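In terms of numbering that gives the first Met the number 0, the sequence shown opens at residue 0 and continues consecutively.
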Amino acid sequence: MGEYEINKVEMSGNLKGIIPPTVTPLLSNGELDKKATERLTKHLLDGGVHGFFILGTTGEISSLKPSIKKELISLTCRLVDRAVPVIVGITHTALDSSLKFAKVAKENGADYVVAAPPFFFPLDQQDLLAYYKRLADLSPLPLFLYNFPAMTKCSIEPDTVEELSKHDNIVGIKDSSGNGVYFQNLLSIKRANPEFKVFVGPEELLVQSVYSGADGAVAGGANIFPSLYVKLYEAVIAGDKEKINRIQPIIMEISRKIYACSGKSSSYLSGIKESLYYLGICESNICLPMLSVDNATKEQIRHNLEKIIFKIKTLG
0 MGEYEINKVE
10 MSGNLKGIIP
20 PTVTPLLSNG
30 ELDKKATERL
40 TKHLLDGGVH
50 GFFILGTTGE
60 ISSLKPSIKK
70 ELISLTCRLV
80 DRAVPVIVGI
90 THTALDSSLK
100 FAKVAKENGA
110 DYVVAAPPFF
120 FPLDQQDLLA
130 YYKRLADLSP
140 LPLFLYNFPA
150 MTKCSIEPDT
160 VEELSKHDNI
170 VGIKDSSGNG
180 VYFQNLLSIK
190 RANPEFKVFV
200 GPEELLVQSV
210 YSGADGAVAG
220 GANIFPSLYV
230 KLYEAVIAGD
240 KEKINRIQPI
250 IMEISRKIYA
260 CSGKSSSYLS
270 GIKESLYYLG
280 ICESNICLPM
290 LSVDNATKEQ
300 IRHNLEKIIF
310 KIKTLG
């Protein structure tokens with residue numbers, strides 16, 4: 000990875016900051032677009048991100064065939080070359096399948112794995128405790144919990160998180176619930192165990208979350224504008240309210256004008272991939288069963304993106 004001129008770093012476990020949940024660049028035939036993955040990786044590293052989260056919701060993990068997942072893990076780890084930590088999503092309905100991908104992640108030099116609850120059967124908290132303890136016992140890499148009840152039909156409740164945070168191989172949680180009370184409970188758990196990492200999913204809540212003690216954000220918009228999100232995070236850490244007040248409205252505009260571009264279930268993902276296509280980074284292809292938005296919506300996304308780019312340039 001010499002072409003990127005990125006200095007290698009030692010992984011200290013002090014994971015924090017902006018960690019994009021990276022898209023999976025796909026060719027029109029559904030296979031991994033390796034050249035686009037290289038462009039995306041360079042784009043994110045040049046933007047100063049603090050880590051990579053591959054094969055999450057934004058990475059279309061539930062729709063990809065195993066060979067693409069393995070290929071993406073291998074390629075991303077090689078391209079990042081330990082410049083920043085790599086977190087690999089291993090969410091699956093079968094424990095053994097999650098562990099197989101955890102092994103692939105370990106073999107390729109990833110640093111952490113992350114798993115949402117299995118998402119077919121409705122699970123209670125006893126089920127979740129047993130499942131995550133078993134997964135953590137057997138995982139060759141440190142494990143992050145992933146709370147996303149909209150996708151999994153269940154929430155990892157605070158008492159369950161607190162119990163799991165005591166496990167030697169469970170190091171943190173990514174919360175995409177958007178529930179402020181729930182998130183405050185997570186931060187209370189973190190205050191009792193400062194080494195337990197807490198990351199917010201909805202980037203609209205980045206400022207409040209980091210101010211309150213969160214370690215950072217897994218921000219989808221950082222695929223498009225990595226340096227913008229890094230600057231916002233740094234402004235929060237520095238207490239630079241003037242800069243926060245200039246950047247936060249743009250973050251909200253990305254949410255309204257890029258993610259919420261249509262009523263389709265694929266709106267968020269299409270918004271990011273269409274933006275990346277406009278920027279010349281990857282094609283806008285998404286994986287079945289989701290379908291892309293229509294051409295009129297694509298044009299609206301590009302129109303909105305141009306306005307957002309202009310506003311970002313005026314920030315200086």
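Beta carbons: idealized from backbone N, C-alpha and C, even for Gly.
Remember, predicted model here, so these are calculated numbers, not experimental data.
Which residues mark the beginning and the end of the beta strand (DSSP E) in which residue i is found?
i             : result
glycine 88    : 85-88
isoleucine 53 : 51-53
In the DSSP output, which residue or residues are listed as bridge partners for residue i?
i           : result
glycine 171 : Phe143 and Lys196
alanine 114 : Leu144
leucine 278 : Leucine 278 is not bridged to any residue.
glycine 215 : Gly16 and Phe198
leucine 25  : Leu31
Just reading off the alpha helix (DSSP H) that residue i is part of, what are its end residues?
i                 : result
phenylalanine 224 : No alpha helix (DSSP H) holds phenylalanine 224; DSSP gives it neither H nor E.
aspartate 126     : 124-137
valine 160        : 157-163
leucine 290       : Unbroken run through leucine 290: none, as it is neither H nor E.
Mind checking whether residue i and residue j have CB atoms under 7 Å apart?
i              : j             : result
asparagine 107 : leucine 142   : no
proline 225    : glycine 46    : yes
valine 85      : alanine 109   : yes
leucine 31     : isoleucine 89 : no
alanine 234    : isoleucine 17 : no
leucine 98     : tyrosine 131  : no
glycine 219    : proline 20    : yes
alanine 101    : valine 112    : yes
threonine 92   : proline 117   : yes
lysine 105     : proline 139   : yes
methionine 289 : serine 254    : no
leucine 74     : threonine 36  : yes
Using alpha carbons as the reference points, say which of the options lies closest to residue i.
i              : options                           : result
valine 48      : Glu156, Ile72, Val79 and Gln124   : Val79
tyrosine 258   : Gly279, Leu290, Ser226 and Asn303 : Asn303
isoleucine 53  : Ile72, Tyr145, Lys173 and Leu140  : Ile72
leucine 26     : Lys297, Ser283, Ala221 and Leu314 : Ser283
serine 291     : Leu278, Lys306 and Lys272         : Lys272
valine 87      : Asp95, Ala93, Cys76 and Tyr228    : Cys76
lysine 256     : Ile280, Lys240, Gly177 and Ile308 : Ile308
leucine 275    : Glu305, Ile249, Met251 and Lys263 : Glu305
asparagine 13  : Gly50, Cys260 and Ala135          : Gly50
tyrosine 145   : Asp136, Thr159, Leu137 and Pro139 : Thr159
isoleucine 300 : Ser265, Cys260 and Glu161         : Cys260
valine 83      : Ser269, Thr40, Ser208 and Leu137  : Thr40
threonine 151  : Leu134, Lys105, Leu74 and Phe120  : Phe120
isoleucine 249 : Ser176, Ser269, Ser138 and Tyr228 : Tyr228
asparagine 184 : Glu161, Ser264 and Val206         : Glu161
arginine 38    : His166, Ile223, Ile285 and Ile236 : Ile223
glycine 279    : Lys34, Arg190 and Ala149          : Lys34
- Would you be able to state if there are at least three C-beta pairs under 8 Å between the segment 241-253 and the segment 50-65? Short answer: they don't touch.
- Pairing CB atoms from the segment 208-217 with CB atoms from the segment 188-200, are three or more of them under 8 Å? Flag = yes, the segment 208-217 and the segment 188-200 touch.
- Meets three-Cβ-pair contact criterion under 8 Å: the segment 122-130 and the segment 152-171: Verdict: yes, contact present.
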